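Engineer: Each number in the numbering used here corresponds to the 1-based position in the sequence shown with 439 added.
Even glycine gets a Cβ: it sits at the ideal position worked out from N, Cα and C.
What you are looking at is a predicted structure, and each value in this text was computed from that prediction instead of being measured.
I'd like to ask some things about the structure below.
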Amino acid sequence: MAKADLLNPLNDALRIKQVAQMFNLDPDKVYNKSGDWVLLWLYADKMEREYQERYAEIQKMLNKKTE
Numbered sequence: 440m441a442k443a444d445l446l447n448p449l450n451d452a453l454r455i456k457q458v459a460q461m462f463n464l465d466p467d468k469v470y471n472k473s474g475d476w477v478l479l480w481l482y483a484d485k486m487e488r489e490y491q492e493r494y495a496e497i498q499k500m501l502n503k504k505t506e
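Next comes the structure, spelled out in structure tokens:
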């Protein structure tokens, strides 16, 4: 319904924008970096966010059990 597939042609640009925002860099500078560098940082950010979500969920469950 949201037609997210329309963003597919922009995936590379959106990844560059995301990394630029992560490091407060000019998107042109990120574009000029290697693709491996960009993907590495996006992967690291994704893994860290997933870990934080799991940690928060476990903490929430533990806090419910102690109440």
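Report buried or exposed for residue 497, applying the criterion of at least 16 other Cβ atoms within 10 angstroms of its Cβ.
Structural biologist: Exposed is the call here.
Engineer: What's the C-alpha gap between residue 454 and residue 488?
Structural biologist: Rounded to whole angstroms, residue 454 to residue 488 spans 16 angstroms at the Cα level.
Engineer: Looking only at its own chain, which residues have a Cβ that is under 7 angstroms from the Cβ of residue 481, when we skip the five neighbours before and after it?
Structural biologist: Same-chain partners within the cutoff: 454, 457, 458.
Engineer: On the three-state DSSP scale, how would you describe residue 472?
Structural biologist: Residue 472: coil per DSSP, three-state reduction.
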